[in-house]
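Undergrad: For reference, the structure I am asking about is given below.
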Amino acid sequence: MDSTEERALSSKILVGISLDARASSELLSWAVGNAAHPNDTIVALHVLVGKGEKKINSDMTRLRQAKAFVISMLGEFTEICETKQVKLEAKVRSSSSIGRGLTAEAALIDANFLLVGGSRNSSQRNSYEITKYCLKYAPEGCSVIAVGKQGLPQNDTYLDSLTCEENQSLSSRWNSKNLHVGKALSPLQKLFGSNSKIEKRNSSRQSICEKSSPRAVLDGPEGENAAPEECFSPSSNETSSRSRTGIWRRLSIAKLFFRSTEHLAGKETDGCSTYTEDQKPSWRCFSYEEISRATNNFHPENMVGRGGYAEVFKGKLYNGQAVAVKRLAKGNTCEQKEKEFLAELGIIGHVCHPNTAFLIGCCIENGLHLIFDFSPNGSLASALHGKNGEFLEWPVRYKIAIGTARGLHYLHKCCRRRIIHRDIKASNVLLGPEFEPQISDFGLAKWLPKQWTHHCVIPIEGTFGYLAPEYFMHGIVDEKTDVFAFGVLLLEIVTGRRPVDSSKQSLLLWAKPLIDTGRVDELADPKLEGKYDLDQLQKLVLTASYCVRQTSIWRPSMSEVLQLLTDCDDSKVAESWRMPESQIDEMDDWSLGTDFCYPY
Numbered sequence: 001m002d003s004t005e006e007r008a009l010s011s012k013i014l015v016g017i018s019l020d021a022r023a024s025s026e027l028l029s030w031a032v033g034n035a036a037h038p039n040d041t042i043v044a045l046h047v048l049v050g051k052g053e054k055k056i057n058s059d060m061t062r063l064r065q066a067k068a069f070v071i072s073m074l075g076e077f078t079e080i081c082e083t084k085q086v087k088l089e090a091k092v093r094s095s096s097s098i099g100r101g102l103t104a105e106a107a108l109i110d111a112n113f114l115l116v117g118g119s120r121n122s123s124q125r126n127s128y129e130i131t132k133y134c135l136k137y138a139p140e141g142c143s144v145i146a147v148g149k150q151g152l153p154q155n156d157t158y159l160d161s162l163t164c165e166e167n168q169s170l171s172s173r174w175n176s177k178n179l180h181v182g183k184a185l186s187p188l189q190k191l192f193g194s195n196s197k198i199e200k201r202n203s204s205r206q207s208i209c210e211k212s213s214p215r216a217v218l219d220g221p222e223g224e225n226a227a228p229e230e231c232f233s234p235s236s237n238e239t240s241s242r243s244r245t246g247i248w249r250r251l252s253i254a255k256l257f258f259r260s261t262e263h264l265a266g267k268e269t270d271g272c273s274t275y276t277e278d279q280k281p282s283w284r285c286f287s288y289e290e291i292s293r294a295t296n297n298f299h300p301e302n303m304v305g306r307g308g309y310a311e312v313f314k315g316k317l318y319n320g321q322a323v324a325v326k327r328l329a330k331g332n333t334c335e336q337k338e339k340e341f342l343a344e345l346g347i348i349g350h351v352c353h354p355n356t357a358f359l360i361g362c363c364i365e366n367g368l369h370l371i372f373d374f375s376p377n378g379s380l381a382s383a384l385h386g387k388n389g390e391f392l393e394w395p396v397r398y399k400i401a402i403g404t405a406r407g408l409h410y411l412h413k414c415c416r417r418r419i420i421h422r423d424i425k426a427s428n429v430l431l432g433p434e435f436e437p438q439i440s441d442f443g444l445a446k447w448l449p450k451q452w453t454h455h456c457v458i459p460i461e462g463t464f465g466y467l468a469p470e471y472f473m474h475g476i477v478d479e480k481t482d483v484f485a486f487g488v489l490l491l492e493i494v495t496g497r498r499p500v501d502s503s504k505q506s507l508l509l510w511a512k513p514l515i516d517t518g519r520v521d522e523l524a525d526p527k528l529e530g531k532y533d534l535d536q537l538q539k540l541v542l543t544a545s546y547c548v549r550q551t552s553i554w555r556p557s558m559s560e561v562l563q564l565l566t567d568c569d570d571s572k573v574a575e576s577w578r579m580p581e582s583q584i585d586e587m588d589d590w591s592l593g594t595d596f597c598y599p600y
């Protein structure tokens, strides 16, 4: 199929989003998971409302905040859109009303579909008025779809029955690109000011269906337990009602990829309820002038880190708060790197835990910037391997190990959607004022929907020495990918050695014979001079040995890792993870997949 045919078959789906993060996320979830087909374009639009458009445009603070919000909303959908080959765009425009702004944008981009939904922060009547306006003034060829209960007046809740052909066209749009949404009768009599009685609807249906501007509103049933209905026959009002319910149930598969927080409430264990997305800090959008002043115009002396696609500068805000500003490196115009940067914003914006990096805000002027709390003690890598004479005593090392485990457990088990970090390493563990660890750098992180067991990722990205065998060889990514890297990190904390030293020797290959023969004390960092808690040392080494197993199914989850590290009586827990001797040689040969992982 050539590009001309692809364009002819692709659709533009305009999604009107509010500043209600949860409602907007659910609407985008539906658009991505159900409405969009390969080669389609989804445009997420937020409309700023004010008396005068020029006045709104002059209010740069509101514009920046709105743009930052929309970008952060899209960040969490970038991966699934890439998988589905769907383009994703963000827009903010000003208008005298939301409905006017949505319909104007639909006309401007020649949208095929306009999706609107209710907001938990707006009145039901307001949602109804927006839907009403969009239905009335949407441009020709644009189908308006209202997803979710719109809070319509009681005497308007009857949805006029669609013809069999129209219903089939509407529902099958999501299965065939060659079918178009048919124009429905006014879903609500008040919507177009019609007072005609039910008997007159059938007679007028044909003439309305002949119009060239198809529009349809799909509203949810009053009851959550309404049963799905496959029949679309319009032979009676009762059947029509069932038909309406059936369409809605088909459209309410918005949780195909993402689950709502209500669905997960009360189901998480292991301390997850302490830190939830509802508690995530509010972050703000900075102006470029603010962050430039804070970092002394990004002076080279203030650079504290440089990665594959970003640079990090320390700075101080006007209120004296120390910050770290991460920006996309100058000259890095690679579209993939920009996507990774936005994906990081989308993920870190939904993370809130004492052992994960704290996002203060972002800036989208003159490039892309993320602003974090500054970690005065640097990274774990600099503390373990730095040349500035720093030394971590054993209690601090053990504290860092436990805290990092808690942060990783939070990402895997307690977030609304599972997060696989993919780049757990010492340089990505920052140390706060009291050496509390914070997992940072979510540039390679992946959302893992609840229904998925793993991702298959190409190309392979990460850091040699921390890569799990199944990831390095086959591109398979799941929670056990992070567990493997965490096991390497534990050995790094214990030994003070790098995962791959200057002589290209692997830490795992060096440590294996010592662990197998029980010479745990020989693993301890010589800098400790024997000043460590032997029980704690054994716990860390034992847990590490389980985490770095060759086969992922024999590695513990982070919940079990926490048990191993913190349970006072860990004998039973440890015993449950001992492998049968008959399988040790076959499944746990550390030399497999590790001795060839490192470039020479």
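Residue numbers (full-length UniProt numbering): 1 to 600.
Yeah, the Cβ is synthetic: ideal placement off N, Cα and C, and Gly gets one too.
Predicted, not measured: the structure shown is a model, and the values here were computed from it.
Out of 296, 411, 363, which one is the CA nearest neighbour of residue 352?
TA: That would be 411, whose Cα lies nearest to the Cα of residue 352.
Undergrad: State the DSSP-derived secondary structure class of residue 86, mapped to helix, strand or coil.
TA: Residue state, collapsed to three classes: coil.
Undergrad: For residue 683 and residue 33, I'd like the C-alpha separation in whole angstroms.
TA: Here the chain has residues from 1 to 600 only, and residue 683 is not among them.
Undergrad: Spatial neighbours of residue 532 within its chain, please: C-beta separation below 7 Å, excluding the five flanking residues on both sides.
TA: For residue 532, where only same-chain residues beyond five positions count, the Cβ hits under 7 Å are 394, 524.
Undergrad: I'd like the list of long-range same chain contacts for residue 210, defined as Cβ closer than 8 Å, with 5 residues on each side in sequence excluded.
TA: Its pLDDT being 33, under 50, residue 210 is placed unreliably by the model, and the measurement read from it follows with that caveat. Cβ neighbours of residue 210 beyond the five flanking positions: none.
Undergrad: Could you spell out where the alpha helix (DSSP H) holding residue 547 opens and where it closes?
TA: Per DSSP, residue 547 belongs to the alpha helix (DSSP H) from 534–547.
Undergrad: Identify whether residue 495 lies in helix, strand or coil by the three-state DSSP scheme.
TA: Correct three-state label for residue 495: helix.
Undergrad: With distances taken from CA atoms, which of 71, 111, 27 is nearest residue 10?
TA: Of the candidates 71, 111, 27, the one whose C-alpha sits nearest the C-alpha of residue 10 is 111.
Undergrad: Who are the Cβ neighbours of residue 90 in its own chain at under 7 Å, not counting the five residues just before and after it?
TA: 44, 70, 71, 74, listed in sequence order.
Undergrad: What's the C-alpha gap between residue 339 and residue 528?
TA: Cα to Cα, the separation comes out at about 43 Å.
Undergrad: Buried or exposed, going by whether 16 or more other CB atoms sit within 10 Å of the CB of residue 15?
TA: With 16 or more Cβ atoms within 10 Å of its Cβ, residue 15 is classed as buried.
Undergrad: Would DSSP call residue 350 helix, strand or coil?
TA: In this structure, residue 350 counts as coil in the three-state DSSP scheme.
Undergrad: Between residue 507 and residue 513, is the Cβ-Cβ spacing less than 8 Å?
TA: The answer is no: Cβ separation not under 8 Å.
Undergrad: Compare the C-alpha of residue 544 against each of 479, 493, 517 and name the closest.
TA: Selected option, being the one with the closest Cα: 493.
Undergrad: Measure the CB-CB distance between residue 134 and residue 101 and report whether it falls below 8 Å.
TA: No; because the gap between Cβ atoms is not below 8 Å, this pair is not in contact.
Undergrad: Does the Cβ-Cβ distance between residue 325 and residue 373 come in under 8 Å?
TA: Not in contact: residue 325 and residue 373 (Cβ atoms no closer than 8 Å).
Undergrad: Does the region 541–561 come close enough to the region 470–489 that 3 or more CB-CB pairs lie under 8 Å?
TA: Verdict: yes, contact present.
Undergrad: Check this for me: beta carbons of residue 405 and residue 562, under 8 Å apart or not?
TA: Contact: yes.
Undergrad: Give the single residue among 13, 366, 130 whose Cα lies nearest to the Cα of residue 64.
TA: Selected option, being the one with the closest Cα: 366.
Undergrad: Any chance you could list the beta strand (DSSP E) runs of at least 3 consecutive residues sitting entirely within the region 91–118, in chain order?
TA: Listed in chain order, the complete beta strand (DSSP E) runs (minimum 3 residues) inside the region 91–118 are 113–117.
Undergrad: Can you give me the start and stop residues for the alpha helix (DSSP H) that residue 315 sits inside?
TA: Taken as a continuous stretch (DSSP letters only), residue 315 belongs to no alpha helix (DSSP H), being part of the beta strand (DSSP E) at 310–316.
Undergrad: Cα separation between residue 293 and residue 368?
TA: Their Cα atoms are separated by approximately 16 Å.
Undergrad: How close, in whole Å, do the beta carbons of residue 608 and residue 131 come, if the pair is a contact with beta carbons under 8 Å?
TA: Any answer about residue 608 is impossible in this case: the structure gives the chain only from 1 up to 600.
Undergrad: Can you tell me whether residue 446 is helix, strand or coil according to DSSP?
TA: Here residue 446 sits in strand by DSSP.
Undergrad: Per DSSP, residue 285 is paired with what?
TA: Answer is 362.
Undergrad: Within 10 Å of its beta-carbon, does residue 284 have 16 or more other beta-carbons around it, so buried, or fewer, so exposed?
TA: Residue 284 should be labelled exposed.
Undergrad: Does DSSP put residue 78 in a helix, a strand or coil?
TA: Note: residue 78 maps to helix in three-state DSSP.
Undergrad: Could you pull the DSSP bridge partners for residue 305 from this structure?
TA: Paired residues: 312.
Undergrad: If you run the structure through DSSP and keep just helix, strand and coil, what is residue 138?
TA: Residue 138 falls in the coil class under three-state DSSP.
Undergrad: Residues in its own chain within less than 8 Å of residue 347 by CB, not counting five upstream and five downstream?
TA: Excluding residues within five positions, the ones whose Cβ falls inside 8 Å are 75, 76, 419, 442, 445, 447.
Undergrad: With burial defined as no fewer than 16 other Cβ atoms inside 10 Å of the residue's Cβ, what is the status of residue 113: buried or exposed?
TA: Per the 10 Å Cβ criterion, buried.
Undergrad: For residue 24 and residue 518, what's the separation of their Cα atoms in angstroms?
TA: Distance between the alpha carbons of residue 24 and residue 518: 55 Å.
Undergrad: Spatial neighbours of residue 87 within its chain, please: C-beta separation below 6 Å, excluding the five flanking residues on both sides.
TA: Around residue 87: 41.
Undergrad: Helix or strand or just coil, what does DSSP make of residue 18?
TA: Here residue 18 sits in coil by DSSP.
Undergrad: Just curious, the beta strand (DSSP E) that residue 399 is in, first and last residue?
TA: Premise fails: residue 399 lies in the alpha helix (DSSP H), 394–409, not in any beta strand (DSSP E).
Undergrad: Is the CB-CB distance between residue 565 and residue 402 below 8 Å?
TA: In contact: residue 565 and residue 402 (Cβ atoms closer than 8 Å).
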